[in-house]
Amino acid sequence: YPPPLSSAASDVYKRQMYAFNDSVDKAVLRPVAQTYKDYTPDVLQTGISNFFDNIGDLTNMVNNLLQFKVENAVSDFGRVLWNSTVGIFGLIDVASNMGLQKHDEDFGQTLAVWGVPDGPYFVLPLLGPSTIRDTVGLVGDIYVDPLFQIEKEGNVYWGLVILRFIDTRADLLSASRVLEEAAIDPYIFVRDAYLQHRRNLIYDGNPPLDESMQFDPASDADLQLELELELELEVQDSTPDSPAAPKQMP
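To convert a position in the sequence shown, counted from 1, into our numbering, add 18.
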């Protein structure tokens with residue numbers, strides 16, 4: 019894992035920002051996402067998620083090219099082509115049924131492949147856990163995201179941004195329930211789960227054995243819950259027909 023910021027002040031900041039994000043989530047974001055999940059027809063939820071997944075495949079393609087994963091980039095291009103045409107602007111995921119695998123790449127992973135170190139772990143307002151490298155990567159992802167090329171003063175742009183945020187948060191509801199069952203410090207739980215999840219993404223699910231990485235769960239039950247949360251995130255990343263999620267909001 020990347021080294022935590024060493025000063026006591028930085029640790030206080032991270033915990034306070036985590037508490038702030040959690041309060042906003044419980045008061046506003048989670049109820050909205052739960053309402054969306056409960057009252058939006060499943061077929062419509064799937065179509066909305068597929069639509070945003072299709073946009074995300076363009077970002078995946080760019081990052082696969084930057085990581086020199088040419089075969090994956092070609093697959094991403096094929097997904098966008100088929101889903102945008104036969105799949106009616108991405109509402110239907112026909113590419114997965116054709117054997118075109120969905121990938122999950124971002125500029126933070128690209129920087130890791132290029133050898134950029136993680137940097138300290140910290141917590142972003144509203145966006146949640148991150149590292150210096152992933153925060154820089156987030157800027158790169160925004161730059162290449164087709165959604166952010168839309169005129170930002172129009173209702174269409176803000177409507178799509180809000181809808182994608184709600185759809186993403188709705189997909190993390192099950193992960194939130196796992197977190198609530200944890201008996202350990204939730205801040206530590208989220209930090210470790212996030213860093214492990216990012217490590218798995220960087221190494222495409224096959225991270226090298228690192229004996230220096232130590233887990234310090236309060237109990238075997240807590241370790242099991244952390245593994246369940248990681249599995250939940252992996253399933254969401256690898257299942258194109260389910261709402262995409264992420265990665266960052268517990």
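Heads up, the beta-carbon is just placed ideally off N, CA and C, and yes, glycines get one too. Treat the numbers as computed from the prediction; the structure is a model and nothing was measured.
Within the same chain, show all residues whose beta-carbon is closer than 7 Å to that of residue i, passing over the 5 residues directly before and after it, in chain order.
{"i": "L144", "result": "N39 and V42"}
{"i": "A51", "result": "I184, R187, A188 and L191"}
{"i": "P258", "result": "With a pLDDT of only 46 at P258, under the threshold of 50, the placement of this residue in the model should not be trusted, and no figure is reported."}
{"i": "K55", "result": "A188 and L191"}
{"i": "M35", "result": "V141 and P143"}
{"i": "N90", "result": "N82 and H121"}
Considering Cα atoms alone, identify which of the options is closest to residue i.
{"i": "V112", "options": "Q63, L99 and H121", "result": "L99"}
{"i": "D75", "options": "P59, Y57 and F95", "result": "F95"}
{"i": "T103", "options": "Q63, N72 and E89", "result": "N72"}
{"i": "G117", "options": "R97, I110, M35 and Y36", "result": "R97"}
{"i": "G155", "options": "N90, A45, D136 and Y212", "result": "D136"}
{"i": "I150", "options": "S194, Q214 and V134", "result": "V134"}
{"i": "Y221", "options": "N82, T58 and Y54", "result": "N82"}
Please report the Cβ distance between residue i and residue j, rounded to the nearest whole angstrom; I am assuming they are in contact, meaning their Cβ atoms lie under 8 Å.
{"i": "L142", "j": "T153", "result": "7 Å"}
{"i": "N78", "j": "G108", "result": "Not really, about 13 Å apart at Cβ, beyond 8 Å."}
{"i": "R33", "j": "Y205", "result": "6 Å"}
{"i": "L219", "j": "Q119", "result": "Rounded, the Cβ-Cβ distance is 15 Å, inconsistent with contact."}
What separation, rounded to the nearest whole angstrom, lies between the Cα atoms of residue i and residue j?
{"i": "Q85", "j": "W132", "result": "8 Å"}
{"i": "R209", "j": "P147", "result": "7 Å"}
{"i": "G105", "j": "D60", "result": "17 Å"}
{"i": "V80", "j": "Q63", "result": "26 Å"}
{"i": "N115", "j": "F125", "result": "27 Å"}
{"i": "A45", "j": "V157", "result": "28 Å"}
{"i": "P264", "j": "K87", "result": "Confidence at P264 is low in this model, with a pLDDT of 37, below 50, so its placement is unreliable and no value can be given for it."}
{"i": "H121", "j": "A211", "result": "20 Å"}
{"i": "N8", "j": "A27", "result": "This structure leaves residue 8 out entirely; the chain is present only between 19 and 268."}
{"i": "D159", "j": "Y57", "result": "31 Å"}
{"i": "E123", "j": "L227", "result": "22 Å"}
{"i": "I66", "j": "T53", "result": "15 Å"}
{"i": "P138", "j": "L213", "result": "11 Å"}
{"i": "Y31", "j": "A37", "result": "10 Å"}
{"i": "E171", "j": "I202", "result": "44 Å"}
{"i": "Q167", "j": "S93", "result": "24 Å"}
{"i": "D163", "j": "R195", "result": "30 Å"}
{"i": "M231", "j": "N173", "result": "Because M231 sits at a pLDDT of 49, beneath the cut-off of 50, its placement in the model cannot be relied upon, and the point is left open."}
Looking only at its own chain, which residues have a Cβ that is under 8 Å from the Cβ of residue i, when we skip the five neighbours before and after it?
{"i": "E169", "result": "Y175"}
{"i": "V179", "result": "L165"}
{"i": "G177", "result": "none"}
Within its chain, find whatever has a CB closer than 6 Å to the CB of residue i; leave out the 5 residues flanking it on each side and keep chain order.
{"i": "R217", "result": "P225"}
{"i": "D161", "result": "It is Tyr, not Asp, that sits at residue 161 in the sequence shown. None."}
{"i": "L129", "result": "R151 and G155"}
Where in the stretch 37 to 89 do unbroken runs of the alpha helix (DSSP H), each at least 4 residues long, occur, reported from the N-terminal end onward?
-> 48 to 57 and 60 to 84
Which runs of the beta strand (DSSP E) fall wholly inside the stretch 128 to 181 and span at least 3 residues, in chain order?
-> Within the stretch 128 to 181, the complete beta strand (DSSP E) segments at least 3 residues long are 139 to 142 and 146 to 149, listed from N- to C-terminus.
Alpha helix (DSSP H) runs wholly inside the stretch 178 to 227, at least 4 long, in chain order = 191 to 198 and 204 to 220
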